[in-house]
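Worksheet: one structure, shown below.
There are 2 protein chains.
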Amino acid sequence: MNAEIIAAGSELLTPARSDTNSLWLTARLNELGVEVTQKTIVGDDRDRLAAAVRGALERVEIVIVTGGLGPTEDDVTREAVAQALQRRLVFSEEIRGWIEQRFARFGRPMAAINRRQAFLIEGAEQLENPNGTAPGQWIEDGGKLILLLPGPPNEMQPMFENFGLARLRERVPPQSIRTRFYRVAGMGESDLDQLIAPLYKPYANPVTTILAAAGDIQIHLRARAATNEQAEALAAELGAKIEAALGERIYSNDGSPLEKVVGERLKSRGETVAVAESCTAGLLGARITEAAGASAWFVGGFQVYETAMKTRLLGIDPGLIEAQGVVSEAVARALAESARERTGATWALAVTGAAGPDSAGAAAPGTVWIGVASAGGAEAKMFRFPGGRGRVRMFAVQSALNVLRLKLSGGTV
Amino acid sequence: MNAEIIAAGSELLTPARSDTNSLWLTARLNELGVEVTQKTIVGDDRDRLAAAVRGALERVEIVIVTGGLGPTEDDVTREAVAQALQRRLVFSEEIRGWIEQRFARFGRPMAAINRRQAFLIEGAEQLENPNGTAPGQWIEDGGKLILLLPGPPNEMQPMFENFGLARLRERVPPQSIRTRFYRVAGMGESDLDQLIAPLYKPYANPVTTILAAAGDIQIHLRARAATNEQAEALAAELGAKIEAALGERIYSNDGSPLEKVVGERLKSRGETVAVAESCTAGLLGARITEAAGASAWFVGGFQVYETAMKTRLLGIDPGLIEAQGVVSEAVARALAESARERTGATWALAVTGAAGPDSAGAAAPGTVWIGVASAGGAEAKMFRFPGGRGRVRMFAVQSALNVLRLKLSGGTV
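One line per chain: the protein sequences are A and B, in this order.
Numbering of the first sequence is given in the working numbering, commencing with residue 149 and proceeding in unit increments.
Numbering of the second sequence is given in the working numbering, commencing with residue 149 and proceeding in unit increments.
Rendered as structure tokens:
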């Protein structure tokens, strides 16, 4: 069963505001096994909203409209949906009395404009609003279901949970959903897709979604079936194939971010990590400490942004920098070694690279050396990252964490 | 002139992701005097996307489709728009060559699936993508304009700014728009709105928009008129009132971010800054170096996350930490003084705070001390920030930069 969500409100067509109700509603609908196949955002325009509702009713079984149930002239949802369904609006004396009582509870008379909120679409059932004056409406029309919900989340959410969800469940064929959420580091999106597309393409169920950020790819599998066992079997079958194809490149199978995966592995070994950051200037330390509990494995480090600081704070030989260049294997190794020694951490990661056009040194923009030091010595690996300054720094941080992850698994960088 | 924006991508129909490209595009379109009247979000489904494009073309003059230009099978925007316009797809040898070159620059062969990205809709002009392999497309059809843009914001935004905006301006009836873009630090959104709402409320033109992030508030004024002079007069009149009300709290009147404002002030004085970061663990250094050219004023610093590192890397007396607590005025001052001394920078900023529930020490979560040291000595200021760990760290970074800005203006922290 499919649903569409229509958000009504001119403010949702400005640069500053976006519709967030649909995210919350999508989560609730997905739990029932209902897919959201389209979302539409329209302004306070009766004809446009009516057309959007008519269009949605041609495509899906469930149409939810949020917003536009307020008392003012630009709240046009009631009129627009009535127009779309070719039904009349009917004044409800009961709702008027209920709105009046609500005002009375706050010691105020009902404002005249609130009368607008007492109109129901002919044949609609009202959904009580515990937190506001706008009742919702539940309408059945030729086997389709139309739900009108208020825009403010603190009104919409309890109304949907208390009065919409249980009734909706009765209409939706029962089904189970099982998911997998892999995260992959160390390869590009095209390379990954070439490897796994032949695996997931044959499956319409589970549905596979791939999302890529700088150096980080997420793979979502979502299997639907009549029973938990069937859904789990579908998810497990495709999941096993993807796991076999990607192997060590999968760093997480529950969606955990890389800094958490690496941190927890360090914690379980009773080990710690320090950093020495040149072009990233602190971003790696900031990222490592995004994970809750990072004080158990992160000690600190050095922001050696200026070339002179590499010598001043970490004692790197100026002759080495002169001879090898500041973006070099030798300097990356020396930075990692010195950071490890000066902090006493089990591991140290170093980042030295040319993030952007104003970088020091002769290295091409996008060139980054990652160094890693441990009791066994230091090594370093070169990367070439695409994109501008910000993107290169994000790639560098992700890659440094991945280098440590691979070292912790006993691999090489 | 009206536009609709269609975002393509099944991930945008999940509970976790929302379309943010349309917000950015709406701001650019509004500046041209183009209103966005509807937004649609569809999954990776060719027929549904084609239907959405056809619907939009019936309603408005400009249709922008974002996303779905990637190399994989579920990137269906090219096919869907060709279907909607009843045009063929044409393979472009030129684009293929260009994509191949881009791969070559990163030392990799072009993946076979990237060939998909070299197809243009018949009659389309390609829009160059400086940050990715997916070219955009500019299509004219019966007096209507269809723009296909890639989904990743770092590809979409420069493409639209560099290749879309100027051409679009030629098609839009001229009107003059003058804007002001203030940024404010050191006060909350409610306090700010109470102060300036009486000033901007009487004006329907300029339109005033206020956006708040952690410790950073943006105020946009947008005046529209038939001539430049009239628009400028409208913007200047309200602008002067807001400037008078907010005074020093405005750090930028051209939208420049705080790290750039502070950095350029340091540069013009020939001065430098270093950092010592506890709870922010590098985030302040990373933020300072987001500004291009930061190597002229940022030298580096110390990530003293673990309490022991404050002593080990910066020589802070363990007795002082024991007596005053690690989140204290004395420790913030000592960290700043030591970082300044060890780096030789003109200024040093220190951050020590309780960012979240697992923070060391007895300070309440959200408590942060910012220290600042210069040749004149060191001082520190306490802040109490709302929100979770991530938000407190962002507030701390913003506030540290603002402390330095006020010191550079000769103020006190």
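In this text, a Cβ means the ideal position worked out from N, Cα and C, and glycines have one as well.
| query | In chain order, what residues of the stretch 522-537 of chain A put their CB closer than 9 Å to some CB of chain B? | reply | Arg532, Phe533, Pro534, Gly535, Gly536 and Arg537
| task | Name the one or two DSSP bridge partners that Trp286/B has. | result | Indexing the second sequence from 1 puts residue 286/B at position 138. Paired residue(s): Glu273/B and Leu295/B.
| said: Can you pull the chain B neighbours of Met457/A, defined as C-beta to C-beta under 8 Å? | reply: Along the first sequence, one-based indexing puts residue 457/A at 309. Those are Val447, Gly448 and Thr491, listed as they occur along chain B.
| said: the ligand COA and Gln274/B: does any heavy atom of the ligand fall closer than 8 Å to the residue's C-beta? | reply: Absent from the structure shown: the ligand COA. Ligands present: none.
| query | Roughly how many angstroms lie between the CA atoms of His368/A and Phe308/A, to the nearest whole one? | reply | Position 220 of the first sequence, counting from 1, holds the residue named residue 368/A. Position 160 of the first sequence, counting from 1, holds the residue named residue 308/A. The alpha-carbon atoms of His368/A and Phe308/A are separated by roughly 27 Å.
| Outcome for Glu396/B when other beta-carbon atoms lying within 10 angstroms are tallied against a minimum of 16 | Here residue 396/B refers to the residue found at position 248 when the second sequence is read from its first residue. That one is exposed.
| task | Excluding the 5 residues preceding and the 5 following Glu209/A in the sequence, name in chain order all residues of the same chain whose CB lies nearer than 8 Å to its CB. | result | On the first sequence, position 61 is the one that residue 209/A refers to. Excluding sequence neighbours, Glu209/A sits near Met149, Asn150, Ala151, Gly291, Lys292 and Leu293.
| query | Using a beta-carbon distance cut-off of less than 7 Å, what residues from the stretch 395-424 of chain B approach chain A? | reply | Val423
| said: Can you pull the chain B neighbours of Thr428/A, defined as C-beta to C-beta under 9 Å? | reply: The sequence position of residue 428/A within the first sequence is 280, counting from 1. Correct list: Gly430, Gly433, Ala434 and Thr437.
| Lys349/B (DSSP reduced to helix, strand or coil) | As a first step, residue 349/B must be located in the second sequence, where it is residue number 201. Note: Lys349/B maps to coil in three-state DSSP.
| Contact between the stretch 474-489 of chain B and the stretch 513-528 of chain B (3+ Cβ pairs under 8 Å) | yes
| field | Closest residue to Pro298/B among Thr437/B, Arg235/B and Gly218/B (Cα-Cα distance) | value | Counting from 1 along the second sequence, the entry for residue 298/B is found at position 150. Pro298/B has its Cα closest to that of Gly218/B, out of Thr437/B, Arg235/B and Gly218/B.
| In chain order, what residues of the same chain lie with their CB nearer than 6 Å to the CB of Ile358/B, ignoring the 5 residues before and after it? | Working through the second sequence from its first residue, we reach residue 358/B at position 210. So the qualifying residues of the chain are Ile367.
| said: Whole angstroms are fine: how far does the CA of Gly467/A sit from the CA of Lys389/B? | reply: Residue mapping note: residue 389/B aligns to position 241 of the second sequence, counting from 1. Residue mapping note: residue 467/A aligns to position 319 of the first sequence, counting from 1. Going from the Cα of Lys389/B to the Cα of Gly467/A covers about 58 Å.
| field | Proximal residues of chain B, C-beta to C-beta of Glu454/A below 7 Å | value | Counting from 1 along the first sequence, the entry for residue 454/A is found at position 306. Under the 7 Å cutoff, chain B gives Ser443, Val447 and Gly448.
| query | Along chain B, which residues have their Cβ under 9 Å away from the Cβ of Arg539/A? | reply | In the first sequence, residue 539/A corresponds to position 391, counting from 1. Going along chain B in sequence order, the residues near Arg539/A (Cβ under 9 Å) are Asn279 and Asn302.
| request: Please classify Phe251/A: does DSSP put it in a helix, a strand, or coil? | output: Within the first sequence, numbered from 1, the residue matching residue 251/A stands at position 103. Taken through DSSP and simplified to helix, strand or coil, Phe251/A comes out as helix.
| request: Quick one: using the 10 Å Cβ neighbour count with 16 as the cut-off for buried, is Asp339/B buried or exposed? | output: Here residue 339/B refers to the residue found at position 191 when the second sequence is read from its first residue. It is exposed - the Cβ of Asp339/B has fewer than 16 other Cβ atoms within 10 Å.
| said: With the cut-off set at 9 Å, would you say Asn169/A and Ile153/A are in Cβ contact? | reply: Within the first sequence, residue 169/A is the residue found at index 21, counting from 1. Within the first sequence, residue 153/A is the residue found at index 5, counting from 1. Yes, they are a contact pair.
| message | With three or more C-beta pairs closer than 8 Å as the rule, is the stretch 492-502 of chain B touching the stretch 419-430 of chain B? | response | Yes, the stretch 419-430 of chain B touches the stretch 492-502 of chain B.
| query | Who are Arg328/A's beta bridge partners in DSSP? | reply | Numbered from 1 along the first sequence, position 180 holds the residue referred to as residue 328/A. In DSSP, Arg328/A forms a bridge with Leu369/A.
| field | DSSP bridge partner residues for Gly449/A (one or two, in chain order) | value | For the purposes of this step, residue 449/A is identified with residue 301 of the first sequence, where counting begins at 1. In the DSSP secondary-structure assignment, Gly449/A is bridged to Val423/A and Gln451/B.
| query | The alpha helix (DSSP H) with Ser486/A in it runs from where to where? | reply | Within the first sequence, numbered from 1, the residue matching residue 486/A stands at position 338. Its alpha helix (DSSP H) spans residues Glu477 to Thr491.
| query | By Cβ distance below 6 Å, which residues in the same chain neighbour Arg326/B in space, the five residues on each side in sequence not counted? | reply | By 1-based counting over the second sequence, the position of residue 326/B is 178. Closer than 6 Å at Cβ, skipping near neighbours: Ala371, Ala379, Glu380 and Ala383.
| message | With a threshold of 6 Å on Cβ separation, who are the neighbours of Ile398/B within its own chain once the five nearest residues in sequence on each side are excluded? | response | In the second sequence, counting from the first residue as 1, residue 398/B sits at position 250. Once the five neighbours on either side are set aside, the close Cβ partners of Ile398/B are Tyr330 and Val332.
| request: Say whether chain B places a C-beta atom closer than 9 Å to the C-beta of Leu171/A. | output: Against the first sequence, residue 171/A aligns to sequence position 23. Interface residue, yes.
| said: Could you compute how far the alpha carbon of Leu461/A sits from the alpha carbon of Val224/B? | reply: To locate residue 461/A, count along the first sequence from 1; it is residue 313. To locate residue 224/B, count along the second sequence from 1; it is residue 76. Using only the alpha carbons, I get a separation of about 52 Å.
| Does the beta carbon of Lys389/A come closer than 9 Å to any beta carbon on chain B? | Taking the first sequence and counting its residues from 1, one reaches residue 389/A at position 241. Not an interface residue.
| message | With distance defined between alpha-carbon atoms, name the residue in Ser557/B, Gly181/B and Leu552/B nearest to Pro321/B. | response | Here residue 321/B refers to the residue found at position 173 when the second sequence is read from its first residue. Closest option to Pro321/B, Cα to Cα, is Gly181/B.
| Ala199/B versus Gly363/A, Ala471/A and Arg207/A, residue with shortest Cα-Cα distance | Taking the first residue of the second sequence as 1, we reach residue 199/B at position 51. Nearest option by C-alpha distance: Arg207/A.
| query | So, Glu438/A versus Arg537/B, is the Cβ gap smaller than 9 Å? | reply | Within the first sequence, residue 438/A is the residue found at index 290, counting from 1. Within the second sequence, residue 537/B is the residue found at index 389, counting from 1. With a cutoff of 9 Å on beta-carbon distance, Glu438/A and Arg537/B are scored as near each other.
| At what residues does the alpha helix (DSSP H) containing Gln546/A begin and finish? | As a position in the first sequence, residue 546/A is number 398, starting the count at 1. Taken as a continuous stretch (DSSP letters only), the alpha helix (DSSP H) holding Gln546/A covers Arg537 to Leu556.
| message | According to DSSP, Asp402/B sits in a beta bridge with which residue or residues? | response | Here the question's residue 402/B lines up with position 254 in the second sequence. Answer is Phe329/B.
| message | Pull the bridge partners of Trp495/B from the DSSP assignment, please. | response | For this step, residue 495/B is matched to residue 347 along the second sequence. Per DSSP, Val421/B.
| said: With distance defined between alpha-carbon atoms, name the residue in Gly216/A, Thr281/A and Ser240/A nearest to Met258/A. | reply: Your numbering for residue 258/A matches position 110 in the first sequence. Of Gly216/A, Thr281/A and Ser240/A, the residue nearest in Cα terms is Thr281/A.
| request: For chain B, find out if any of its Cβ atoms is closer than 9 Å to the Cβ of Lys187/A; answer yes or no. | output: Against the first sequence, residue 187/A aligns to sequence position 39. Chain B, which has a Cβ nearer than 9 Å to the Cβ of Lys187/A, makes this yes.
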